[in-house]
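**Q** Numbering (full-length UniProt numbering), first residue to last: 1 to 298.
Virtual Cβ for every residue (Gly too), placed ideally from N, Cα, C.
What you are looking at is a predicted structure, and each value in this text was computed from that prediction instead of being measured.
Right, here's the structure in full:
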């Protein structure tokens, strides 16, 4: 079947004529968009396709990714047939999705696609793209990390430090709609167990706490260990970069936290009871499709 894009005459897409394309139809916030882009990139790599995204998307604004960004991308992608991921599933339809119908024509995809298995074969490339933060983000994140190290080493007379990023997310996950859907939030006891795990392995641990609810964090994460609560005025992209650049990470819940953990080079601890059993969300969820096997449940 002929690619739809060959029929376009707009000069800004001539460089991809003759190539089948895939458009992730972004929905949700940054973490959701990262799953959608990564899935599209995984399919594109498998099928020798090109990824098209809007140049005003969160992905384009936050990272330097390997995608085509024609000015009229929305109009181009609107001409492609749309494949929607069934339900809210995680990788339930991987085989039929990734290796079945795609590669013979251009397509747009809609869904959450929240499984690393959609792009596991290209995870090294995906990590490289998502670690390519904009220059201003890198400068701010590095400055905070270096200042945290200097403060810790100077005050405790230590020669080195193990940075452990701690992400705290509550906010929207406490809403009625979210809880009815099946979401929960990580409690204080989870963070205590996670920090104890790292401190027992690395007694020079310094915990950097990021998140939108620093008030809750300060009230509930008692200073049993060495920790720094980052300023709540820090932007989401800077917090994200800090978490990804730490030596290890303690996750909260949600796709933003998942991606910071996926990009982090060290050990990852996650909250294993984040879905309410029997809920709508639980019926479309497969634990092994969402959490990589090397991550540590607490």
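(1) DSSP on residue 270, reduced to helix/strand/coil?
(2) How many Å lie between residue 114 and residue 32 at the Cα?
(3) For residue 110 and residue 25, I'd like the C-alpha separation in whole angstroms.
(4) Can you have a look at residue 54 and say buried or exposed, based on whether 16 or more other CB atoms are within 10 angstroms of its CB?
(5) Would you kindly work out how many angstroms separate the C-alpha atoms of residue 199 and residue 205, rounded to a whole number?
(6) By how many angstroms is the C-alpha of residue 56 removed from the C-alpha of residue 71?
(7) Have a look at residue 122 and residue 145 and give me their C-alpha separation to the nearest angstrom.
(8) On the CB-based measure, 16 or more other CB atoms within 10 Å of its CB, does residue 245 come out buried or exposed?
(9) Going by the CB atoms, is the gap between residue 216 and residue 169 shorter than 7 angstroms?
(10) Starting from the C-beta of residue 268, find all residues in its chain whose C-beta is less than 6 angstroms away, skip the five residues before and the five after it, and write them out in chain order.
(11) For residue 289, which of 257, 117, 50 has the nearest alpha-carbon?
(12) Please confirm whether residue 336 and residue 165 have their CB atoms less than 7 angstroms apart.
(13) With distances taken from CA atoms, which of 220, 202, 213, 214 is nearest residue 190?
(14) Residue 285 and residue 186: beta carbons closer than 7 angstroms?
(15) Quick one: complete beta strand (DSSP E) runs, 3+ long, within the segment 132–192?
(16) First and last residue of the alpha helix (DSSP H) that includes residue 236?
(17) Using DSSP's beta-bridge definition, name the partner residues of residue 248.
(18) Let me make sure I understand the geometry here. Which of 105, 161, 234, 239 has the alpha-carbon closest to that of residue 203?
(19) Helix, strand or coil: how does DSSP classify residue 25 here?
(20) Using only the alpha-carbon positions, how far apart do residue 48 and residue 120 sit?
(21) Candidates 231, 73, 201: which alpha carbon is nearest residue 214's?
(22) Since residue 109 is in the alpha helix (DSSP H), which residue starts that stretch and which ends it?
(23) With distances taken from CA atoms, which of 252, 210, 291 is nearest residue 241?
(24) On the CB-based measure, 16 or more other CB atoms within 10 Å of its CB, does residue 62 come out buried or exposed?
(25) Taking DSSP as the reference, what is the three-state secondary structure of residue 195?
(26) Using the beta-carbon count (16 or more within 10 Å), is residue 287 buried or exposed?
(27) Does residue 222 pass the burial test, meaning 16 or more other C-beta atoms within 10 Å, or should it be called exposed?
(28) Relative to the alpha-carbon of residue 30, which residue among 283, 238, 291 has its alpha-carbon at the smallest distance?
(29) For the beta strand (DSSP E) holding residue 228, just list the boundary residues, first then last.
(30) For residue 263 and residue 85, what's the separation of their Cα atoms in angstroms?
**A** Based on what the coordinates show:
(1) Counted from its first residue, the chain shown places residue 270 at position 270. Strand, per DSSP.
(2) Walking along the chain shown from the start, residue 114 turns up at place 114. Walking along the chain shown from the start, residue 32 turns up at place 32. Their Cα atoms are separated by approximately 8 angstroms.
(3) Position 110 of the chain shown, counted from the start, is the residue given in the question as residue 110. Position 25 of the chain shown, counted from the start, is the residue given in the question as residue 25. Going from the Cα of residue 110 to the Cα of residue 25 covers about 5 angstroms.
(4) As a first step, residue 54 must be located in the chain shown, where it is residue number 54. When all chains shown are included, residue 54 counts as buried.
(5) Numbered from its first residue, the chain shown carries residue 199 at position 199. Numbered from its first residue, the chain shown carries residue 205 at position 205. Each residue's alpha carbon lies about 6 angstroms from the other.
(6) Within the chain shown, numbered from 1, the residue matching residue 71 stands at position 71. Within the chain shown, numbered from 1, the residue matching residue 56 stands at position 56. Rounded to the nearest angstrom, the two C-alpha atoms are 9 angstroms apart.
(7) The sequence position of residue 122 within the chain shown is 122, counting from 1. The sequence position of residue 145 within the chain shown is 145, counting from 1. Cα-Cα distance, rounded: 29 angstroms.
(8) Stepping through the chain shown from its first residue, residue 245 is reached at position 245. Looking at its Cβ environment, which holds 16 or more other Cβ atoms inside 10 Å, residue 245 is buried.
(9) By 1-based counting over the chain shown, the position of residue 169 is 169. By 1-based counting over the chain shown, the position of residue 216 is 216. Result no, Cβ atoms of residue 169 and residue 216 do not sit closer than 7 angstroms.
(10) Taking the first residue of the chain shown as 1, we reach residue 268 at position 268. So the list reads 249, 261, 295, once near-sequence residues are dropped.
(11) Working through the chain shown from its first residue, we reach residue 289 at position 289. Taking only the C-alpha atoms, the option nearest residue 289 is 117.
(12) Nothing in the structure corresponds to residue 336, since the chain is present only between 1 and 298.
(13) Here residue 190 is taken as the residue at index 190 of the chain shown, counted from 1. Of 220, 202, 213, 214, the residue nearest in Cα terms is 220.
(14) Numbered from its first residue, the chain shown carries residue 285 at position 285. Numbered from its first residue, the chain shown carries residue 186 at position 186. Their beta carbons are not under 7 angstroms apart, which means residue 285 does not touch residue 186 by this criterion.
(15) 162–168
(16) Taking the first residue of the chain shown as position 1, residue 236 is located at position 236. Where residue 236 is concerned, the enclosing alpha helix (DSSP H) stretches over 236–245.
(17) Here residue 248 refers to the residue found at position 248 when the chain shown is read from its first residue. Bridge partners of residue 248: 164.
(18) In the chain shown, residue 203 corresponds to position 203, counting from 1. Nearest of 105, 161, 234, 239 to residue 203, Cα basis: 161.
(19) Translated into positions along the chain shown, residue 25 becomes position 25. Residue state, collapsed to three classes: coil.
(20) The count along the chain shown starts at 1 and reaches residue 48 at position 48. The count along the chain shown starts at 1 and reaches residue 120 at position 120. When rounded, the distance between both Cα atoms is 16 angstroms.
(21) The residue labelled residue 214 in the question sits at position 214 within the chain shown. Comparing Cα positions, the closest option is 231.
(22) For the purposes of this step, residue 109 is identified with residue 109 of the chain shown, where counting begins at 1. Premise fails: residue 109 lies in the beta strand (DSSP E), 107–110, not in any alpha helix (DSSP H).
(23) Numbered from its first residue, the chain shown carries residue 241 at position 241. Closest by alpha carbon: 210.
(24) As a first step, residue 62 must be located in the chain shown, where it is residue number 62. Residue 62 is buried by the Cβ-count criterion.
(25) Within the chain shown, numbered from 1, the residue matching residue 195 stands at position 195. Helix, per DSSP.
(26) Residue mapping note: residue 287 aligns to position 287 of the chain shown, counting from 1. So residue 287 ends up on the exposed side.
(27) Here residue 222 refers to the residue found at position 222 when the chain shown is read from its first residue. Under this definition residue 222 is an exposed residue.
(28) In the chain shown, counting from the first residue as 1, residue 30 sits at position 30. For residue 30, the nearest C-alpha among the options comes from 238.
(29) Start at 1 with the first residue of the chain shown, and residue 228 comes out as number 228. That run of the beta strand (DSSP E) goes 227–229.
(30) In the chain shown, residue 263 corresponds to position 263, counting from 1. In the chain shown, residue 85 corresponds to position 85, counting from 1. So the alpha carbons of these two residues sit roughly 25 angstroms apart.
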